[in-house]
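Down below is the structure, laid out as structure tokens.
In this note's numbering, the protein residues as written are 89 to 307.
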């Protein structure tokens with residue numbers, strides 16, 4: 089799995105085999121559109137996963153959607169404590185922590201290292217870092233396009249680490265950008281990509297984990 093330099097960055101050999109279906113904890117801060125997308129893919133049978141718990145950084149539409157879907161939901165304002173997050177993951181046998189528009193930095197303990205996945209609405213390493221989320225990203229892309237510095241945008245699925253938007257890239261999807269585009273137009277275009285890219289990346293990680301486990305534990 090390449091990082092930004094193109095070299096292998098993360099090995100699944102040391103990770104225990106995921107459950108079948110894989111158990112996801114979803115962290116969110118807003119409307120829950122990404123949660124909607126993942127639940128739809130699970131319902132369709134195209135993503136072999138289940139979501140037993142959602143953590144929201146505040147009361148929001150996404151938290152209410154999770155409750156309406158019968159998912160255990162925690163609202164945790166302020167910075168996440170790593171021991172608390174670990175306890176939630178242990179209680180629900182979580183395989184992967186999925187950041188779905190979660191705007192706070194997640195503490196990466198040994199329990200969740202190489203298990204926390206994020207999606208960013210730009211082509212990292214460009215337009216990433218603290219404060220670069222949502223419309224801030226798309227506004228920056230528009231300004232860069234007007235200066236003829238970029239002609240495309242997209243989304244990046246990556247492993248989360250101890251800094252904003254610096255973890256190893258899992259996959260990217262691209263779309264064209266024109267200097268006449270508005271931030272809203274780019275946002276809509278990129279979100280369409282995100283709806284395909286995130287389930288695709290999660291499916292790839294789940295299948296890769298299963299293959300690695302079979303190779304390390306042949307019958």
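By construction, the Cβ of each residue, glycine as well, lies at the ideal position given by its N, Cα and C atoms.
Three-state secondary structure (DSSP) at residue 147?
-> For the purposes of this step, residue 147 is taken as the residue at position 59 of the chain shown. Look at residue 147 here: in three-state DSSP terms it is coil, with no helix or strand label.
How would you write the range of the alpha helix (DSSP H) that residue 159 sits in, first residue to last?
-> Counting from 1 along the chain shown, the entry for residue 159 is found at position 71. Counting along the chain, residue 159 falls outside any alpha helix (DSSP H), and DSSP gives it neither H nor E.
Alpha-carbon spacing of residue 269 relative to residue 213, whole angstroms = Looking up residue 269 in the chain shown gives position 181. Looking up residue 213 in the chain shown gives position 125. Distance between the alpha carbons of residue 269 and residue 213 is about 22 Å.
What residues in its chain sit with their C-beta under 7 Å from that of residue 271, if we drop five residues either side in the sequence?
-> Numbered from 1 along the chain shown, position 183 holds the residue referred to as residue 271. These residues qualify, in order along the chain: 223, 226, 227 and 230.
By DSSP, does residue 237 sit in helix, in strand, or in coil?
-> Working through the chain shown from its first residue, we reach residue 237 at position 149. In this structure, residue 237 counts as coil in the three-state DSSP scheme.
Pull up the DSSP beta-bridge partners for residue 247, would you.
-> Within the chain shown, numbered from 1, the residue matching residue 247 stands at position 159. Its beta-bridge partners are 205.
Looking at the unbroken beta strand (DSSP E) that takes in residue 258, where does it start and where does it end?
-> One-based indexing of the chain shown puts residue 258 at position 170. Here the beta strand (DSSP E) through residue 258 covers 257-264.
To the nearest angstrom, how far is it from the Cα of residue 211 to the Cα of residue 201?
-> Start at 1 with the first residue of the chain shown, and residue 211 comes out as number 123. Start at 1 with the first residue of the chain shown, and residue 201 comes out as number 113. Rounded to whole angstroms, residue 211 to residue 201 spans 23 Å at the Cα level.
Proximity below 8 Å, CB of residue 115 to CB of residue 188 = Taking the first residue of the chain shown as position 1, residue 115 is located at position 27. Taking the first residue of the chain shown as position 1, residue 188 is located at position 100. Against a cut-off of 8 Å, the Cβ pair of residue 188 and residue 115 comes out as a contact.
Name the DSSP beta bridge partners of residue 141, please?
-> Along the chain shown, read from residue 1 onward, the residue named residue 141 stands at position 53. Bridge partners of residue 141: 113 and 160.
Is the beta carbon of residue 141 less than 8 Å from the beta carbon of residue 160?
-> Counting from 1 along the chain shown, the entry for residue 141 is found at position 53. Counting from 1 along the chain shown, the entry for residue 160 is found at position 72. Cβ distance < 8 Å, so residue 141 and residue 160 count as in contact.
Per DSSP, the bridge partner or partners of residue 185 = The count along the chain shown starts at 1 and reaches residue 185 at position 97. DSSP lists 113 and 204 as partners of residue 185.
In angstroms, rounded to a whole number, what distance separates the CA positions of residue 248 and residue 185?
-> The count along the chain shown starts at 1 and reaches residue 248 at position 160. The count along the chain shown starts at 1 and reaches residue 185 at position 97. If I take the Cα positions, the gap works out to 10 Å.
Which residue comes first and which comes last in the alpha helix (DSSP H) that contains residue 179?
-> Translated into positions along the chain shown, residue 179 becomes position 91. Per DSSP, the continuous alpha helix (DSSP H) segment holding residue 179 begins and ends at 170-179.
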